[in-house]
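S.K.: All residue numbers for the sequence shown refer to this note's numbering, where the first residue is 828 and numbers rise by one.
Quick reminder that beta carbons are idealized off the backbone N, C-alpha and C, glycines included.
In this text, all values refer to a predicted model and were calculated from it rather than measured experimentally.
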Amino acid sequence: MKIKYEVKKIKDIKADVVASVAFEDQAGQKLHWLNTLFKGHLDTLIETDDFKGKSNTSVITYLHMDNRSKRLLVVGLGNSKDCTLETRRKNYAAAAKKVNTMKLNSVAFEVPDLALIRSVTGYSHYEIMQAICEGVFLSQYNPKKYSSKNEYTPINEVIFFTDSPKYTREAGDAVKDSKVVCDAVLVARDLENEPSNLLTPDKFAEYVKKSSIKAGYSVTVFDEKKIAQLNMNLILSVGKGSVNPPRFLILQYFGANKSEKPVVLVGKGVTFDSGGISIKPAQGMDQMKMDMGGAAAVVGAFEAIARLKFKMNLIGLIPAVENMPDAGSYKPGDVIKSYSGTSVEIDNTDAEGRLVLADALDYAANYKPKAVIDACTLTGAAVICFGHLLAGLMGNDKELTKKIFAAGEKTYERVWILPLYDEYDKLMKSEIADIKNAGPARQAGTIMGGIFLKKFVQDKYPWAHLDIASVAFGLGESAEDYHTTGATGYGVRLFVELLKQYSH
Ligand code: BES
Ligand code: ZN
Ligand code: ZN
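#1: Please give me, in chain order, every unbroken run of the alpha helix (DSSP H) with length at least 4 that falls completely inside the segment 1018-1075.
#2: Under three-state DSSP, which class holds S946?
#3: Could you give the distance in angstroms between the alpha-carbon of R1320 and the alpha-carbon of P1108?
#4: Can you tell me where the beta strand (DSSP E) holding E984 begins and where it ends?
#5: Taking the alpha-carbon positions, what's the Y1157 to K1256 distance?
#6: Given that a residue counts as buried once 16 or more other Cβ atoms are within 10 Å of its Cβ, and exposed if not, what is I1259?
#7: Quick one: give me the first and last residue of the alpha helix (DSSP H) that R1181 is part of.
#8: Give me the pocket residues for ligand 1, defined as CB within less than 5 Å of any heavy atom, sorted by chain position.
#9: Select from V1065, I1262 and V848 the residue whose C-alpha is nearest the C-alpha of Y1251.
#10: With DSSP as the reference, label D1100 as helix, strand or coil.
#11: Pull up the CB-CB distance for G1219 and L1245, whole angstroms please, since I reckon it's below 8 Å.
#12: Spell out the partners DSSP gives T888 in its beta bridges.
#13: Evaluate the contact criterion for the segment 1267-1277 versus the segment 1066-1078: three or more CB pairs, one atom per stretch, below 8 Å.
#14: With DSSP as the reference, identify every bridge partner of D1201, one or two as the case may be.
#15: When DSSP labels each residue in this structure, what does F1129 get in the three-state scheme?
#16: With a Cβ-Cβ cutoff of 8 Å, do A935 and F988 count as a contact?
#17: Rounded to whole angstroms, what is the Cα-Cα separation between V1093 and G1207?
#18: Could you tell me the distance, in whole angstroms, from the CA atom of S882 to the CA atom of G855?
#19: With a floor of 3 residues, list each beta strand (DSSP E) that falls wholly inside the segment 908-970, ordered by position along the chain.
#20: Since I believe P1073 is in contact with P1028 (beta carbons under 8 Å), could you give me their beta-carbon distance rounded to a whole number of angstroms?
#21: Taking the DSSP output, what are the residues bridged to A849?
#22: With a threshold of 7 Å, establish whether the CB of G1160 neighbours any heavy atom of ligand 2.
#23: Residue ranges of each beta strand (DSSP E) run of no fewer than 3 residues wholly in the segment 1115-1161, ordered along the chain?
#24: Are L1247 and M1221 touching if we call contact CB-CB under 8 Å?
#25: Give me the residue from Y919, C960 and T888 with the minimum Cα distance to I830.
#26: Are there any heavy atoms of ligand 2 lying less than 7 Å away from the beta-carbon of G1222, as far as the coordinates show?
#27: At the level of alpha carbons, what is the spacing between Q1056 and L1063?
#28: Is the beta carbon of N1150 within less than 7 Å of some heavy atom of ligand 2?
#29: Check A1314 in the structure and name its three-state DSSP category.
#30: Report all residues from its chain with a CB closer than 8 Å to the CB of I1163; omit the five preceding and five following residues, and keep chain order.
#31: Give me the Cβ distance between I1104 and P1159, rounded to the nearest whole Å; I'm assuming they're in contact under 8 Å.
#32: Of all the options L899, D1177, A1122 and Y832, which has the alpha carbon lying nearest to the alpha carbon of D1000?
#33: Output the boundary residues of the beta strand (DSSP E) element that contains I1231.
#34: Using CA coordinates, which residue listed in F1232, Y1317, K1037 and K857 is at the minimum distance from A775?
Right under this line is the structure:
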């Protein structure tokens, strides 16, 4: 997709369609202004009163123009008072999707008066432009890449235009940066949506190797022998039932002095979760190809941060495994010693995510990190708790939690904080080992996942745990505006927004 930011008058735009925008409370004025400019071509639209400026609505009208856009799409932005970053994302996404249905190649989007929005909302010009871009770019995703009937027509050229030269630098930067971040979100969606026969732990590692070269970070991959040598026995055990052996990926990005402590991101990379011997019911099991949503968010974040050249050091740890039932599988009742020597009794082989994360979180301590944030599709209980609106956030550090919460509000990859009170610890007690991997059924399922991980982190570093099972996929009917069916790519924008604060 080609992208331009131009300071131009609407009459001078050359594109297959030009999209002008109007707030609901100013729709009449805007239409009259356009009508004067286009010499009465909007007479009928005004007469029929078909456009009221409501959010997520648009109408197409035609212009008798030579050498300029013959199509005018008038896009509603809703009430100017309710103008949040999220409504900007949604409205522009709706308009971009409309252009897809019209099967047009190029579109020029009018950028509304940034100063006016700023005075109402307090957001910077950069932030408003970023939200507009996110709406457009994130809406351009084709989830049906394996369908032989390709009905999707992507937009090939996007122009953002305004007739005011005032904010060109800020807005231009926002366009460039957003493209990088949104491309990374689309990569995360692609990885998550990839069927597990095509994306095994090894193939995942191969993808990351290629990605690292293109984006400018490095990666080391441990195979099953190295994983065994290092005593990462939890990762090894979860992977035992699969013909596709596990991998442990270490991503490294140095944007600051090497002596500066890194932030570590940890992502659950279960390329398929059948449940193992504690096998899952058939219904919905196909979705478990997306049980590597946390890992996808980490890879997306690395691609974006390396390309944006953040001035910080970042480590990514990804245990990539397939959880399958087999004669060689690990079993309920087994006891396994973790990388750090903690003994774990297996209560349920379907609680595999916390096992592979435990070894990774233990390993993270080797970096003496500033902060560690894990992202994982860990518990079905997160869906029960939040629906598909929010991710569960837990941790041992109030400052870090606050920062993530704020980044969630801003990006609209929202989170809600759950407690990890010590009183919960006893629910995970084992009679024969240091801890078991599941608590009693139907009690605080999402918190139990966090309580298990807390045992490995203790207070070794500031830590936050994001259970993204509720938001990584499953939007179904509500996959509107800039969301699509299947994977959401949740976490990439949240990580980038959070990590901005560590870049200096
Ligand atoms: N990958 C699943 C969690 C999941 C469920 C993610 C639905 C997204 C949608 C995880 O490995 C799992 O199976 N967790 C168990 C834990 C239980 C056995 C303690 C669960 O949630 O039932
Ligand atoms: Zn599971
Ligand atoms: Zn899982």
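M.R.: According to the data block:
#1: 1028-1042, 1051-1056 and 1060-1066
#2: helix
#3: 33 Å
#4: E984 to T989
#5: 20 Å
#6: Flag for I1259 reads exposed.
#7: G1180 to A1191
#8: D1100, D1118, N1175, D1177, A1178, G1180, T1204, T1206, G1207, A1265 and A1296
#9: I1262
#10: strand
#11: 5 Å
#12: L899
#13: no
#14: V1093 and H1292
#15: helix
#16: yes
#17: Within the model, the alpha-carbon separation for V1093 versus G1207 is close to 20 Å.
#18: 15 Å
#19: 933-937
#20: 5 Å
#21: A849 pairs with G903.
#22: Checking the Cβ of G1160 against ligand 2 gives no.
#23: 1140-1150
#24: yes
#25: C960
#26: For ligand 2, no non-hydrogen atom lies closer than 7 Å to the CB of G1222.
#27: 10 Å
#28: yes
#29: strand
#30: N1060, L1061, S1064, Y1157, S1170, V1171, I1173 and L1182
#31: About 6 Å separates the two Cβ atoms, so the contact holds.
#32: Y832
#33: Looking at the DSSP string, I1231 is not in any beta strand (DSSP E); the run it does join, the alpha helix (DSSP H), is K1225 to T1238.
#34: Nothing about residue 775 can be read from this structure; the chain reaches only from 828 to 1331.
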